[in-house]
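To start, the structure itself, in structure tokens.
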Amino acid sequence: MAFSFRPRTLEALRHYSRARFWADLGAGATVGIVALPLAMAFAIASGLKPEAGLWTAIIGGFLIALLGGTNVQIGGPAGAFIVIVYGIVERYGVSGLLLSTAAAGVLLFVLGMLRLGTLVRFVPVAIVIGFTNGIAVLIALSQIKDALGLAIDKMPGDFVAQVQVIAQHLASTNPYALGLAAACLGGLFLWPRLFAHGSPVLRLAEGQTVRSFARIPAPVVALVSLTLWAHALGYPVETIGTRFGGIPQGLPALALPALTWDTARQLVMPTLTIAVLGAIESLLCARVADQLASGPWHRKHDPNQELMAQGLANVLVPFFGGMPATGTIARTVTNLRAGATSPVAGMVHALTLGAIVLLAAPLALHIPLAVLAGILLYVAWNMGEWHEFVRLRHFSNHYRLLMLGTFFLTVVFDLTVAVEVGLVLACVLFVRRMSALFRAEPLPREAAAPTARLGWSLHGALFFGAASRIDPLVEAIEAAPQGVQVELDMRDLFALDTTGLDGLEQILKAVVQRGGYLALHHPQEQVRSLMERSGFSARLAEQTPPGPRGDASGQA
1 MAFSFRPRTL EALRHYSRAR FWADLGAGAT VGIVALPLAM AFAIASGLKP EAGLWTAIIG
61 GFLIALLGGT NVQIGGPAGA FIVIVYGIVE RYGVSGLLLS TAAAGVLLFV LGMLRLGTLV
121 RFVPVAIVIG FTNGIAVLIA LSQIKDALGL AIDKMPGDFV AQVQVIAQHL ASTNPYALGL
181 AAACLGGLFL WPRLFAHGSP VLRLAEGQTV RSFARIPAPV VALVSLTLWA HALGYPVETI
241 GTRFGGIPQG LPALALPALT WDTARQLVMP TLTIAVLGAI ESLLCARVAD QLASGPWHRK
301 HDPNQELMAQ GLANVLVPFF GGMPATGTIA RTVTNLRAGA TSPVAGMVHA LTLGAIVLLA
361 APLALHIPLA VLAGILLYVA WNMGEWHEFV RLRHFSNHYR LLMLGTFFLT VVFDLTVAVE
421 VGLVLACVLF VRRMSALFRA EPLPREAAAP TARLGWSLHG ALFFGAASRI DPLVEAIEAA
481 PQGVQVELDM RDLFALDTTG LDGLEQILKA VVQRGGYLAL HHPQEQVRSL MERSGFSARL
541 AEQTPPGPRG DASGQA
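Here is the structure:
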């Protein structure tokens, strides 16, 4: 449990080679180009200026790669945060978001420092799938305004109000914006298939040039081609320049957000939501990278080091006007497929993005928001695990209730409520499932055994959720003749808590009132330990032995 801060970069550079550097350089540059449209789109969808997403990807991505516990993970703004960030900005303003992000960073660092990274794995898969699909729906809904070019000044934060506002303004649809969004979305789906192995394009146009062109990421192709098209034809659509006035070409200024006690109290739940979601996203992303990565340089991720890196990045990024940063699955997978071998690729990705912003910021003025909306609609589609809804028929009612409940709460209310209710519901369903596993089976009666002898074999866990199942045993003992001898075979009882121990106390009390004797056979270590520490074993030992047939071998 000793504190340990050892970034994976130190280990990766110990046996670093020139060949690995060139591989990381190419992979990092590729991911940096991919991150450009995504970072801007995530920030705009969150109610922020595009530079907030860009500098989050640059500063946060560099720190996460430098200090993290994985070899190939790429950090930056993520689609999962769009709904959360938008709600915080709408309710508490940008300063509230900056404070929540910094406080969440401190919490993430403390979780990693206390080596609690593995606790994230306790979140049930049904909850993760439920809120992931819910967030994907909300991201898609939030992009309808820009994809259709609707004349809406500001979108509300909740689902029902968004649907109503969109329905009221459908008559103001801009056909040029709709065409750009549709072309972007269609191109993103079509591009990978054009150059897939064995596709007609590759068969008809053989050559290294075509294969090199196929490696250009689809979002970059869509962003550049459709921006040039819309600008050349003078389409009357909203752009980054018309809404935000462009992207600053210089480095962001260091700023301290205003802090008051009343604001800090109101931001407790948003802070916890950012921390929990950031931890889940980053560690899930790291596990995906572990499954896909191979090679002599690969090692499993360190969840605690990764949380500490995420924490430090989120503490620093808000002072430069950034938004929450976490591990990003799509960019991490792109990094892997591009040949990354170490955290150097993640740092190169951040530096590449920084160079693009500093040198080419004026060109971003002409990017249509409808194109960014098309990119985010594609992200939302890929983000959702829609096949899980089809597979629900193969799972239990508990799983269906947990997943669908989290999904609908995320969509209709918000992610905070969904995760809170989902975790409580998961605990309740787990208690119910575990209590159903406990059973007390009657022991077979020997032919020569006296009628005043009862016995049961206990199976499972005797805890607060299953304590009521002891009542029939107590009732049977109370109805037995005087001098009843009771035996409990505990070899299959693997867990006992204080409420379950109270049930055993009730059995002992009923036996004593009947002038009988209670024998416990073969208790396991945890059960024996609790009975000894509570004094229950001592009270058992105070009983009067029943006689020659009352052999208490194995008694606790």
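Using this note's numbering, you'd call the opening residue of the sequence shown number 1 and step up by one each time.
The C-beta atom is built at its ideal place from N, Cα and C for all residues, glycine as well.
Note that the structure is a prediction, hence the values are computed from the model and not measured.
Can you tell me where the alpha helix (DSSP H) with residue i in it begins and where it stops?
i: L353; result: V344 to A360
i: P192; result: P175 to L194
i: L54; result: P50 to W55
i: A147; result: I144 to L148
i: V72; result: Here V72 belongs to no alpha helix (DSSP H), and DSSP marks it neither H nor E.
i: D290; result: V268 to L292
i: M403; result: N397 to V412
i: P37; result: R18 to A45
i: L97; result: I82 to M113
i: S435; result: L415 to L437
i: Q164; result: F159 to Q168
i: D471; result: D471 to E478
i: A65; result: G61 to L67
Under the three-state reduction of DSSP, which class applies to residue i: helix, strand or coil?
i: F5; result: coil
i: P368; result: strand
i: P442; result: strand
i: S457; result: strand
i: H521; result: strand
i: E388; result: helix
i: T118; result: helix
i: L462; result: strand
i: T341; result: coil
i: T326; result: strand
i: S260; result: The displayed chain sequence assigns Thr, not Ser, to residue 260. Here T260 sits in coil by DSSP.
i: T239; result: strand
i: A448; result: Only weak support exists for where A448 lies, its pLDDT of 47 falling under 50; the value from the coordinates is given anyway. If DSSP states are grouped into helix, strand and coil, A448 belongs with coil.
i: S537; result: helix
i: T334; result: helix
i: H231; result: helix
i: V315; result: helix
i: K300; result: coil
i: K509; result: helix
i: I129; result: helix
i: P219; result: helix
i: S553; result: Caution applies to S553, whose pLDDT of 37 falls short of 50 and renders its modelled position unreliable; the value that the coordinates give is listed next. Coil at S553, not helix or strand.
i: Q526; result: helix
i: L254; result: coil
i: R393; result: helix
i: Q374; result: At residue 374 the sequence reads Gly, which differs from the Gln that was named. If DSSP states are grouped into helix, strand and coil, G374 belongs with the helices.
i: Q305; result: helix
i: T499; result: helix
i: Q249; result: coil
What do you get for residue i, buried or exposed, if any count of 16 or more other CB atoms within 10 angstroms of its CB means buried?
i: P7; result: buried
i: L283; result: buried
i: D414; result: buried
i: F3; result: exposed
i: D302; result: buried
i: R439; result: exposed
i: V527; result: buried
i: F427; result: It should be noted that the sequence gives Cys, not Phe, for residue 427. Result: exposed.
i: L358; result: exposed
i: F122; result: exposed
i: F189; result: exposed
i: V120; result: buried
i: H387; result: exposed
i: I349; result: In the sequence as presented, Ile is not what sits at residue 349; that position holds His. H349 is buried by the Cβ-count criterion.
i: K145; result: buried
i: A355; result: exposed
i: N397; result: exposed
i: W456; result: buried
i: K300; result: exposed
i: W261; result: exposed
i: R445; result: exposed
i: T410; result: buried
i: W55; result: buried
Could you give the residue range of the beta strand (DSSP E) that holds residue i?
i: E487; result: Q485 to L496
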